[in-house]
Amino acid sequence: MMKHIVMFRRLPGGEQNIELETHLIQWMRDLPKDIDFVRDWKVSANELDRPICWDYLLESSFDDADAVQRYLSHPAHVALITELKTYFEWVAIDYTQDTDRQAA
């Protein structure tokens, strides 16, 4: 299984627009309705106001790297990203989850 993790934060220097932010985050939460091969999807908001913290976290899972690539180029994802980049910046990591081992 491939994990796709993304942290989002408001663009530096930008004013907070609660209405727009709420719309974008809800769109992100609803995205799997348009992409049927998403295995797992969770969007969380940061709860502590600390300078090193990002505002939102997306945790998602796909069957494999090919599925992640299909997701990245999917029209629904591209449409969301087009809007997100007007308000957020982000950093991502993609990795294969070892389902046979558990952390000690």
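Residue 733 is where the sequence shown starts when you use the working numbering, and the numbers rise one by one after that. For glycine and all other residues, C-beta sits at the position ideal for the given N, C-alpha and C.
Grab the span of the beta strand (DSSP E) containing residue i for me, first residue to last.
i, result
"aspartate 781", "Run containing aspartate 781: none; DSSP gives neither H nor E here."
"methionine 733", "First-last for methionine 733: undefined, no H or E at that position."
Could you say which of the options lies nearest to residue i if we only look at CA atoms?
i, options, result
"glutamate 791", "Leu756, Glu751, Ala824 and Thr754", "Ala824"
"arginine 741", "Leu780, Tyr819 and Asp798", "Tyr819"
"histidine 755", "Gln829, Leu812, Glu821 and Thr828", "Leu812"
"methionine 760", "Thr814, Thr828 and Tyr827", "Thr814"
"isoleucine 757", "Lys817, Asp826 and Asp830", "Lys817"
"proline 783", "Lys765, Pro744, Ser805 and Phe794", "Pro744"
If you run the structure through DSSP and keep just helix, strand and coil, what is residue i?
i, result
"tyrosine 803", "helix"
"leucine 789", "strand"
"valine 823", "strand"
"isoleucine 813", "helix"
"aspartate 768", "coil"
Just reading off the alpha helix (DSSP H) that residue i is part of, what are its end residues?
i, result
"arginine 761", "750–762"
I believe residue i touches residue j by the beta-carbon criterion, under 8 Å. Please report the beta-carbon distance rounded to the nearest angstrom.
i, j, result
"valine 800", "methionine 733", "With 8 Å as the limit, valine 800 and methionine 733 do not qualify as a contact, their Cβ atoms being about 10 Å apart."
"serine 793", "aspartate 772", "4 Å"
"alanine 797", "isoleucine 767", "That pair is no contact at about 16 Å."
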